[in-house]
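Engineer: Can you keep this structure in mind? I'll have questions shortly.
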Amino acid sequence: MSCGGGLINAFSRGGLHGNNKLLCIRPQHMSPAPRSATSNRLNATLTSVHWQGDLTHLLCDVAGEAVRIVMTQVNPLPRAGDKLALYFEPGDAVLIEVQ
1 MSCGGGLINA
11 FSRGGLHGNN
21 KLLCIRPQHM
31 SPAPRSATSN
41 RLNATLTSVH
51 WQGDLTHLLC
61 DVAGEAVRIV
71 MTQVNPLPRA
81 GDKLALYFEP
91 GDAVLIEVQ
């Protein structure tokens with residue numbers, strides 16, 4: 001499957017090939033992409049940064065869709081408008097068929 005121009009590997013709970021699916025990933029399972037990542041990499045633009053205790057919430061735009069990631073120990077802190085590459089492990093993603 002592709003998303004935002006990138007190749008995505010994820011577990012699917014049934015459904016037919018070619019049907020629309022929703023990609024579900026918990027925000028804390030996303031991180032900046034390692035340089036070696038060629039799949040499960042989403043190119044994003046940071047829209048805002050919010051703090052909640054020791055957690056940093058980064059709100060990003062990925063191909064027109066809002067994506068939130070949650071991190072600890074963010075250093076250096078990115079700024080709104082920065083381009084980011086986000087990554088998740090295939091086992092942390094689930095595809096759900098949408099009607």
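For the sequence shown, full-length UniProt numbering assigns the number 1 to the initial residue and increments by one for each residue that follows.
Ideal Cβ positions, reconstructed from N, Cα and C, are used throughout, including at glycine.
Roughly how many angstroms separate the alpha carbons of residue 88 and residue 25, rounded to a whole number?
Structural biologist: Near 8 Å, if we compare the C-alpha coordinates of residue 25 and residue 88.
Engineer: Per the DSSP calculation, residue 66 is bridged to which residue(s)?
Structural biologist: Looking at the DSSP assignment, residue 66 forms a beta bridge with 61.
Engineer: My assumption, with CB atoms under 8 Å, is that residue 85 sits in contact with residue 32. Please give the rounded CB distance.
Structural biologist: Going by Cβ atoms, the distance from residue 85 to residue 32 rounds to 7 Å, so yes, they are a contact pair.
Engineer: Buried or exposed for residue 69, please, with buried defined as at least 16 other CB atoms from any protein chain shown within 10 angstroms of its CB.
Structural biologist: Classification for residue 69: buried.
Engineer: Of all the options 22, 58, 94 and 50, which has the alpha carbon lying nearest to the alpha carbon of residue 83?
Structural biologist: Among 22, 58, 94 and 50, the Cα nearest to that of residue 83 belongs to 58.
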